[in-house]
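Let me begin by presenting the structure, written as C-alpha cells, before commenting on it.
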Amino acid sequence: MARLPLIVQSEKRKKIGLAITIWLQMCTVASWFLVALGAIHNLHTYRRRFRSYILDFYAKRDYVKRLVYASDETCIEQLRMNRIIFFKLCEMLQTLEGLKSSRNMLVDEQVAMFLHIISYHLKNRVIKHHFNRSGETVSRSFHNVLNAFIRLQDVLFKKAKPIIANSTYPRRKWFKVLE
1 MARLPLIVQS EKRKKIGLAI TIWLQMCTVA SWFLVALGAI HNLHTYRRRF
51 RSYILDFYAK RDYVKRLVYA SDETCIEQLR MNRIIFFKLC EMLQTLEGLK
101 SSRNMLVDEQ VAMFLHIISY HLKNRVIKHH FNRSGETVSR SFHNVLNAFI
151 RLQDVLFKKA KPIIANSTYP RRKWFKVLE
C-alpha cells in the first residue's frame with residue numbers, strides 16, 4: 001500500500017481537527033441549552049416551602065435554655081437567682097397572678113426576659129436580638145410580667161414594723177420616733 005502525499009495528509013488532519021472543534025462547540029452549546037432549560041424548569045416548578053413554626057419555636061427558646069437550664073452558675077450570673085427560685089417565681093406568677101403563656105412564648109421565657117432586662121438594664125433592641133423576638137413582643141411580655149409583679153407585691157415584700165419608742169435594742173436609739 002502506498003502512502004498518501006504529505007499535502008493530502010495535512011488536509012486530512014485539518015479536516016479531522018475542524019470536525020473535532022465543531023463537535024466540541026456543538027456539545028458546549030447543547031450543555032448551555034440544557035442548563036438554561038433546567039433553570040427555566042426550576043423557575044416554573046418552584047414552590048415556596050412552608051416554614052415550620054414548631055421548629056422555629058424551639059430555635060427561639062435556645063437563649064432561654066442557655067440562660068436558665070444550662071447550669072445554676074449561669075442562671076445566677078445572668079438572672080441573679082438560682083434555678084429553683086426562678087421556677088418558684090414562675091409558678092407563683094402563674095398560679096397567684098395569672099401570668100399565662102402566649103401562643104409563641106412560655107412563662108419562663110417571659111420571666112427570664114424581664115429579669116435579664118432588670119438585672120443588666122438592657123434596652124429593648126438588645127433583648128430582641130438575644131431572645132430572637134420582635135421588639136413589640138419583648139415590650140408586651142415585659143409589661144405583662146411587670147404588672148404581675150406589681151399585683152404580687154403583697155406576697156413578695158414584707159411590711160415594715162413600726163418602731164417602738166422604748167425599745168431595748170441598742171441600735172434603735174438612732175431611729176427615734178419623731179413627735
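The sequence shown: position 121 = 121 (full-length UniProt numbering), numbered continuously. We treat Cβ as the ideally placed atom computed from N, Cα and C, and that holds for glycine. Because the structure is a prediction, the values reported are computed rather than measured.
Please classify residue i as buried or exposed, where buried requires at least 16 neighbouring CB atoms within 10 angstroms.
i	result
Val35	exposed
Met105	buried
Gln110	buried
Tyr69	exposed
Ile84	exposed
Ala112	buried
Arg3	exposed
Tyr63	buried
Arg13	exposed
Val107	buried
Cys27	exposed
Ser141	buried
Ile127	buried
Arg67	First, the residue type needs correcting, since residue 67 is Leu and not Arg in the sequence shown. Counting Cβ neighbours within 10 Å, Leu67 comes out buried, since at least 16 surround it.
Thr131	In the sequence as displayed, the identity of residue 131 is Phe instead of Thr. The residue is buried, with at least 16 neighbouring Cβ atoms inside 10 Å.
I need the straight-line Cα distance from residue i to residue j, nearest angstrom please.
i	j	result
residue 181	Thr137	The question about residue 181 has no answer here: the residues shown for the chain are numbered 1 through 179.
Ala148	Ile118	15 angstroms
Arg61	Ser31	48 angstroms
Gln153	Lys159	10 angstroms
Tyr58	Leu43	32 angstroms
Ala19	Val8	16 angstroms
Lys65	Val155	28 angstroms
Ala39	Phe33	10 angstroms
Cys75	Leu146	20 angstroms
If the criterion is Cβ atoms closer than 9 angstroms, does the pair residue i and residue j meet it?
i	j	result
Asn124	Ser102	no
Phe86	Leu122	no
Leu93	Met81	no
Less than 8 angstroms between the CB atoms is what I'm expecting for residue i and residue j, so what's the real figure, rounded?
i	j	result
Leu99	Asn144	6 angstroms
Arg151	Glu91	With 8 angstroms as the limit, Arg151 and Glu91 do not qualify as a contact, their Cβ atoms being about 15 angstroms apart.
How about residue i: is its C-beta nearer than 9 angstroms to some C-beta of chain C?
i	result
Leu96	You won't find chain C in this structure, because it holds only one protein chain.
- Message: To test your reading of the DSSP string, which unbroken alpha helix (DSSP H) runs of 4 or more residues are found completely within the segment 18–99?
- Response: 53–60, 72–79, 83–95
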